[in-house]
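Heads up: the structure comes next, in structure tokens.
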Amino acid sequence: MKYYIWALGCAMNKSDAERIASVLSNADYTKTREESEADIIVTVACSVRQHAIDRIYGKVEKWNEMRAKRPLITILSGCVLEADRKKMKRFFDLIFDIKELQKLKQFLEQNTKSETLNPKQYQNKNDKNIKDDALNFENWDLFRNSKLEIRNCEDYLSINPIRESSFMAYVPISTGCDNFCTYCAVPYTRGREVSRPAEEIITEVRELIEKGYKEITLLGQNVNSYGFTQKNRRTKQQNNNPVIYTTPPSSLSEAKDLRDSSGSALRMTNNFVKLIKEIDKIPGIYRVYFYSNHPKDLSNELIETIPKTIHFPHYIHLPLQSGSDKILKAMNRHYTQENYIGLVKKIKDNVPQVAITTDIIVGFPGETKKDFEETKKVVKEVGFGMIYIGKFSPRPGTIAAKLKDNVPKEEKERRWQELTGLLKAHLEKENKSYIGSVMKVLIDSEKKGKYYGRTDNYKVVEIDNPVILSRTKNLRDPSLTLEDDKAKQTNLIGQFVNIEITDSSAWMLKGEILH
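In this note's numbering, the protein residues as written are 648 to 1162.
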């Protein structure tokens, strides 16, 4: 049987998809890149915005058409809110939490012993003639609670993934989140924050580098709080006794208690700094990114450490979300505009030529034109290298979903367009300053005869005139000219090359490989 994985949303979901692929492949299923060939389709969902959920519903009709012609099994995992899980149950044969991934193989094995999962037996699941136990997936709830000789389900990150790339890799350092931003679904879908053992992370990174990987990205919902565990989770005092939160807060005040009750004693430790220092000691030619950061937790020591490292580029992704103190408070972000701008100044003062990118939400409930002007003020003052702008979308079960979504759709679009215009004008000017300079680029793809890659500060570069490849030396083997063997041109994918920047636009640099 063949499986196809459709991963939506963030890098963490893509990383999870690689681990799902590993489990299915170890269970003797074969991966296909063509959805039309698949006997099993696994969707790794994203709940950040309604649009991602709508895309899944949009696929259902296509899958039903496929079912009418041949057997098909559909599985859902990833970030799925309870409200969406209930609605989607009738469209999927199995919905499982990603932390239960280690049990999936055993479950499939037990349910294929007597050809229960033989696709020849499977019909359209809406067919009234189908036997209720044809797939036996209803046994999942019983199976998931059974005693299996496996590690704790929190440790699914220890599963060795099947990588999508041979030179770029995601390495999760934690999963879940304790921040409870009022708009965010992550604490509800991924649970409380759990960190991987440092030894496991360092070993994984070292093995990747030894295999020739050139770019590693450390992932976590909040990498700055790496190292927190169940034992030191923030608590709330009740009758002088600490109460550990085991369920998400139901209100903004409770969410604030969750973050504030322990005071500064449980703010960011320097475990993450220690981790990147150890990773930086690994020999090799590679670079390491990390995200996402949280402005309230990014420490002075981390800022001071980055320029002292060899393998960590001068690049920081620092989500702003809003420039309005009123909206930041409603979002439960725990910093002010002044805090954020002060942090950016500190970063720029300590990290030479640093590139800072960010996330911004427009149209959050209660965001007035004045609030939006405050966001524009920060955008103009900071000069971001990129802004990932999202229009607010209420997610069921989050605190923000209880607020009146009082910013019209048209106004959200207008604000999105206005911020995009500000960003474009800034980047057009900034990118022109790179013309004539030489930048190190990791080439990651080729399309229509042109190569593409990214600089250390995360600028996209198009190699405008690939014909030059026939006049240059192969940068992996200076003794070999690509003119002698045109097929060798593809060797540049996955390699660092020096590029002279010859032109630019708002969204891209253009250049030629340096002779």
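C-beta: ideal position from N, C-alpha, C; glycine also.
Nearest to R717 by C-alpha distance, out of E1075, E682, Q749, I742, is E682.
Here R1101 is buried, its C-beta having at least 16 other C-beta atoms within 10 Å. In the displayed model, L723 falls within a strand according to three-state DSSP. About 14 Å separates the Cβ atoms of I820 and R837, ruling out a contact at the 8 Å cut-off. In this chain, the beta strand (DSSP E) harbouring E1109 covers 1107 to 1110. Beta-bridge partners of W653 (DSSP): T690. In this structure, T1005 sits away from L975, with a CB-CB distance that is not shorter than 7 Å. Of the residues L922, A1047, L804, the one whose Cα lies closest to the Cα of I953 is L922. Exposure of L1161 is indicated by the presence of fewer than 16 other C-beta atoms within 10 angstroms of its C-beta. Residue state for D996 is assigned as helix, using DSSP reduced to three classes. Per DSSP, the beta bridge partners of H964 are T1004. In the DSSP annotation of this structure, the continuous segment of the beta strand (DSSP E) that includes T864 starts and ends at 862 to 866.
A Cβ-Cβ distance of about 4 Å is found for the pair A730 and P1043, placing them in contact under the 8 Å criterion. Take the alpha-carbon of E1065 and the one of L865: they are about 32 Å apart. Around the beta carbon of H941, a 10 Å sphere encloses 16 or more other beta carbons of the protein chains shown; the residue is thus reported as buried.
Spatial neighbours of Q1000 in its own chain (CB-CB distance under 7 Å, excluding positions within 5 residues in sequence) are listed in chain order as H961. N986 sits in a helix when the DSSP states are folded into three classes.
Between the segment 719 to 738 and the segment 1063 to 1077 there are fewer than three C-beta pairs closer than 8 Å, too few to call the two in contact. Cβ atoms of E1014 and S971 come within 8 Å of each other, at about 7 Å. The residues K752, L755, in chain order, have a CB closer than 6 Å to that of A674 in the same chain once the five nearest residues on each side in sequence are set aside. Listed in chain order, the non-local C-beta contacts of G1010 below 6 Å within the same chain comprise K1038, F1039, V1054, K1059, local neighbours out to five positions each way being set aside. Sixteen is the threshold: when 16 or more other Cβ atoms of the shown chains lie within 10 Å of the Cβ of N660, as they do, the residue is buried. DSSP links T677 through a beta bridge to K649. In the three-state DSSP reduction, T952 falls in the helix class (H, G or I).
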